[in-house]
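**Q**
In our numbering, the protein residues as written are 226 to 382.
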């Protein structure tokens with residue numbers, strides 16, 4: 226796992242410039258080309274900023290054009306794609322398995338281990354349930370999303 230400062234370094238190495246400033250809008254972050262703005266008027270913690278930066282980097286890599294109008298289907302698809310990439314980078318199902326295997330039993334434990342907010346955690350789990358269904362198979366384990374649990378593959382076969 227890497228903290229916000231390390232993610233900033235990654236963004237800089239990928240050619241992004243990242244600034245924290247107060248925005249007039251209620252957006253948590255914005256990306257235009259290779260410039261990312263993190264709204265410091267809304268985001269208080271480095272964990273919140275890390276979650277937003279994770280998504281905004283993917284907007285910079287994959288989003289085409291202005292997608293602020295979320296009534297357009299294509300814009301919604303691009304937003305969902307960037308969020309999904311952010312979820313996979315910050316808390317891929319394999320990382321959730323690792324957290325559970327490292328005795329993270331509460332929501333707070335999971336979020337601290339993964340360096341994400343509770344809201345982000347719940348959104349990512351909902352995304353994974355839509356993407357994979359009720360469970361995700363990885364290497365020697367099966368991750369169940371409801372209730373959140375991990376089972377060794379030999380126990381499920």
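For glycine and all other residues, C-beta sits at the position ideal for the given N, C-alpha and C.
Identify which residue in 340, 293, 371 and 366 has its Cα closest to the Cα of residue 354.
**A** The residue with the shortest Cα to Cα distance from residue 354 is 371.
**Q** Along the alpha helix (DSSP H) that carries residue 370, what are the first and last residues, could you check?
**A** Element bounds for residue 370: not the alpha helix (DSSP H) but the beta strand (DSSP E), 366-370.
**Q** For residue 359, count neighbouring Cβ atoms within 10 angstroms of its own Cβ and tell me buried if that reaches 16, exposed if not.
**A** Counting Cβ neighbours within 10 Å, residue 359 comes out exposed, since fewer than 16 surround it.
**Q** Tell me, please, whether the region 273-285 touches the region 298-313 by the rule of three or more beta-carbon pairs shorter than 8 Å.
**A** Yes, the region 273-285 is in contact with the region 298-313.
**Q** For residue 321 and residue 258, what's the separation of their Cα atoms in angstroms?
**A** Residue 321 and residue 258: Cα-Cα distance of roughly 31 Å.
**Q** Output the distance between the C-alpha atoms of residue 338 and residue 348, rounded to the nearest integer angstrom.
**A** Residue 338 and residue 348: Cα-Cα distance of roughly 17 Å.
**Q** Is DSSP giving residue 352 helix, strand or coil here?
**A** Looking at residue 352 - three-state DSSP - the assignment turns out to be helix.
**Q** Distance check for residue 288 and residue 294, CA to CA, integer angstroms please.
**A** Distance between the alpha carbons of residue 294 and residue 288 is about 13 Å.
**Q** Suppose contacts are defined by Cβ-Cβ distances below 8 Å. Is residue 305 in contact with residue 228 by that definition?
**A** Their beta carbons are not under 8 Å apart, which means residue 305 does not touch residue 228 by this criterion.
**Q** Per DSSP, which one or two residues make a beta bridge with residue 242?
**A** 260.
**Q** Note down, in chain order, each residue of its chain lying with its Cβ closer than 8 Å to the Cβ of residue 247, except the 5 sequence neighbours on either side.
**A** 264, 265 and 266, listed in sequence order.
**Q** Thinking just about the alpha-carbon of each residue, which of 377, 273, 256 and 261 is nearest to the one in residue 341?
**A** Taking only the C-alpha atoms, the option nearest residue 341 is 273.
**Q** Taking the straight line between their C-alpha atoms, what separation do you get for residue 233 and residue 366?
**A** About 32 Å.
**Q** Could you check where the beta strand (DSSP E) with residue 373 kicks off and where it finishes?
**A** Here the beta strand (DSSP E) through residue 373 covers 373-377.
**Q** Can you list the alpha helix (DSSP H) stretches of 4 or more residues lying completely in the region 294-322, in chain order?
**A** Counting only runs of 4 or more, we get 298-316.
**Q** Skipping 5 residues on each side, what residues in its chain have a beta carbon closer than 6 Å to that of residue 240?
**A** Excluding residues within five positions, the ones whose Cβ falls inside 6 Å are 259.
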